[in-house]
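So in my numbering, spot 228 of the sequence shown is number 230, and the numbers just go up one at a time. Ideal Cβ placement from N, Cα and C applies to all residues, glycine included. Remember, it's a predicted structure, so these values are computed and weren't measured experimentally. This report concerns only the one structure given below.
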Amino acid sequence: MQMIGEFRNPELVKNLCRSISRVTTQKWKIMEICGGQTHSILHYGLDQLLPPEIELLHGPGCPVCVTPSQILELAFKIALQKDVIFCTFADMIRVPGEYRGSQTLDFYKVRAMGGDVRMVQSPLEAVNIAKNNPEKEVVFFAVGFETTTPVNALAVNEAEKLGLSNMFFLVSQVLVPPALEALLGSPDNQIQGVLAAGHVCSIMGTKPYVDLAEKYQVPCVITGFEPTDLLQGIYLCIKQMEDGRSEMENQYSRVVKSDGNFKAQELMQKYFQVKEQGWRGLGRIADSGYGFRNEYAHFDAEVKYQKLYESETRTPSCEFVCRSGEVLVGRLKPTDCEHFGKICNPSSPLGPTMVSTEGACAAYFKYRNQGRGINEA
Ligand code: SF4
């Protein structure tokens, strides 16, 4: 295993940039799907090292950001129930959302209103809380992509083994390929090349991207997260576009195998099944989420707290102010949002993309004005 420094080596970075410049003859738009990739690009200023013909569009790969407002509102309502302990990852705590059509809340405010909200590092921690508090109902906010879903499944497995009847999961688990398909198939699609997220493919394998590349005639390069990974992914993508090819290529072969992680897939499929899912910025997409199988519905917080759920189609008023939805589909650069760095900043975020550690607005705020580049890595 190479040392991490090799993947951030300034000389290798410069060589890759030179190779990219040599093969680029025209304008190209490439979308990096994952918010982790966006942060790495901004952190190391990689977008500024590329030839001006190449534009990077930031994609919807931030699980906190794409969680729809309606699920967030349900989460607030559940967390405010008497005798409920609501567990969530820290990233979700400050995401603002609407409550009962008017008030804007986040989980800190829910706490101030008396809700027992706890930050956890893993869903297994929530299961442990349920085990130690049998008189309480414990709910874990299971938000995530294909990378997180196996860990959620592991927690359901543990709750099942322990025979817990007080443990529930509020599930908002999403799948990347159907969302990418919605973007590539939209009439105003601008994406000419895709950098697919290596960690997602390490679970699910490479096949979905073989199909997408063929169906939409767009190169899909599975890419890692370090500077040299990303630049090599961009190089492979540009080379394909310049050659008139559209194939799946695996830049991250040191981690991603063609079949993915069979054990993780098996565990997910035991408890969850593919279903229609709502996405912030993309709306409802068929087969783009993982919900509980019927036989495990007793763990499903949406079923348990059904009376609190309002499946409304209205757009919450906070979304009219925040333009996260446009940022998430690559139509708006964070710095082009009129609120960026003014009324919206990490201390006072208006939307999830400014809160999450994988959000594009947070990445621009953190790195763009600091001028930090690869030489300071
Ligand atoms: S800068 Fe703030 S208001 Fe604008 S899109 Fe980003 S999170 Fe929303």
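- Counting C-beta atoms within 10 angstroms of its own C-beta, E297 has fewer than 16 neighbours from the protein chains shown and is therefore classed as exposed.
- The Cβ atoms of V129 and A161 lie closer than 8 Å to each other.
- Counting only residues of its own chain and dropping the five nearest sequence neighbours on each side, N191 has a CB closer than 7 Å to the CB of L185.
- Our two residues, I32 and V176, have alpha carbons roughly 22 Å apart in a direct line.
- Not one heavy atom of the ligand SF4 is found less than 7 Å from the C-beta of L44.
- For Y211, the enclosing alpha helix (DSSP H) covers residues 209-218.
- Under DSSP, the beta-bridge partners assigned to D118 are I87.
- Here the alpha carbon of L156 sits roughly 12 Å from the alpha carbon of F171.
- Between T26 and the set A362, I236, C363, M250, the nearest pair of CA atoms involves I236.
- Secondary structure note for P62: it is in no alpha helix (DSSP H), and the uninterrupted beta strand (DSSP E) holding it is 56-63.
- As far as DSSP is concerned, E244 takes part in no beta bridge.
- Distance from the Cα of Q242 is smallest, within the candidate group Q28, G285, Q271, V112, for Q28.
- Remark: the shortest separation between the CB of C19 and any heavy atom of the ligand SF4 does not fall under 7 Å.
- Taking 8 Å as the upper bound for CB-CB distance, G283 and L352 are not in contact here, some 15 Å apart.
- In the DSSP secondary-structure assignment, M33 is bridged to L59, V196.
- Between A288 and T40, the beta carbon gap of about 26 Å keeps them out of contact (Cβ cut-off 8 Å).
- Taking K306 as the centre and dropping the five residues before and after it, the same chain places the C-beta of F170 closer than 6 Å to its C-beta, in chain order.
- A distance below 6 Å between beta-carbons, with the five flanking residues on each side excluded, links C89 to the following residues of its chain, in chain order: R120, V122, A128, F142.
- The criterion of a C-beta distance shorter than 8 Å is satisfied by V15 and T230.
- Around the CB of F264, fewer than 16 other CB atoms lie within 10 Å, so the residue is classed as exposed.
- Exposure of R102 is indicated by the presence of fewer than 16 other C-beta atoms within 10 angstroms of its C-beta.
- The C-alpha of E268 is placed about 16 Å away from the C-alpha of F147.
- Secondary structure at Q123: coil, using DSSP grouped into helix, strand and coil.
- Rounded to the nearest whole angstrom, the CA to CA distance from A303 to P179 is 26 Å.
- Closest in alpha carbon position to Q83, among E328, V140, L51, is V140.
- Straight through space, the alpha carbons of Y292 and Q308 are spaced by roughly 18 Å.
- Of all C-beta pairs linking the region 244-257 to the region 212-226, three or more are shorter than 8 Å, placing the two stretches in contact.
- Listed in chain order, the alpha helix (DSSP H) runs fully inside the region 125-160 are 125-134, counting runs of at least 4 residues.
- Secondary-structure assignment with DSSP links K344 through no beta bridge to anything.
- Within the same chain, and ignoring the five residues on either side of F109 in sequence, the residues whose Cβ sits closer than 6 Å to its Cβ are I95, V119.
- Rounded to whole angstroms, the Cβ separation of P65 and V145 is 5 Å, and the two are in contact under 8 Å.
- Secondary structure of I95 (DSSP, three-state): coil.
- Straight across, the Cα-Cα distance linking G327 with N17 is about 36 Å.
- Contact between I35 and L238 does not hold, since their C-beta atoms are separated by about 15 Å, which reaches or exceeds 8 Å.
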